[in-house]
Structure formats: C-alpha cells, structure tokens
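Numbering (our numbering), first residue to last: 70 to 172.
Below is the structure:
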C-alpha cells in the first residue's frame, strides 16, 4: 500500500498547487489526506484478509471513501480503478489490486 500512498502524496502536491494553494496550505491538507488514505486502506485490507468478514456492502462503502480520497488528492487513475472495483465487486480482484498497490 505504501506505493499507492507515496504516489498519491506526490500527485496531491501537484494537484493542489494547480488549484492555487500555497505550500503552507498544502502541507496540512496532504498530511490529513495521507492519514485518511492509510486508515481507509487498512480498513479495506482488514476486511479482505478475513473471508468471513467480507461483505459487498462494507466493501462498497470503503471503496467509495477510497475513491473520494484518491480523487481529492489528484490520483484520478487510481480513483477510476477503485470505481471499477466498486462496479464489479470481487474479493479476489480487490486483494490483487491491494497487492499491486504495495509494490
């Protein structure tokens, strides 16, 4: 997941700067977004790691939050991938996506 977090953090600086934010405004926004992203990814990972805990509704809720965070931080490509996972929920595909996000 660190790869996704680092990639999104880098994109957030560029994205927010393009909107006219100053550096001193960007730093706390990105820090909060990064914390929220880490928490949301951990929630997804925990739910997916236990097959008995998996639920489509919970996955949809977590993926919806994740998509929003990624989009708000300027990582549109990953936000679109997350939306695709929501549209066709499959636990194994979600696990594979998370694994790719780690490397």
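For glycine and all other residues, C-beta sits at the position ideal for the given N, C-alpha and C.
### Message
Considering Cα atoms alone, identify which of 91, 99, 126, 71 is closest to residue 142.
### Response
99
### Task
Tell me whether residue 102 is buried or exposed, calling it buried when 16 or more other Cβ atoms sit within 10 Å of its Cβ.
buried
### Message
Give me, in chain order, the residues of the same chain whose beta-carbon lies closer than 7 Å to that of residue 78; leave out the 5 immediate sequence neighbours on both sides.
### Response
99, 103
### Query
Does DSSP classify residue 84 as helix, strand or coil?
helix
### Message
Less than 6 Å between C-beta atoms, sequence neighbours within five positions excluded: which residues of the same chain meet that for residue 113?
### Response
131
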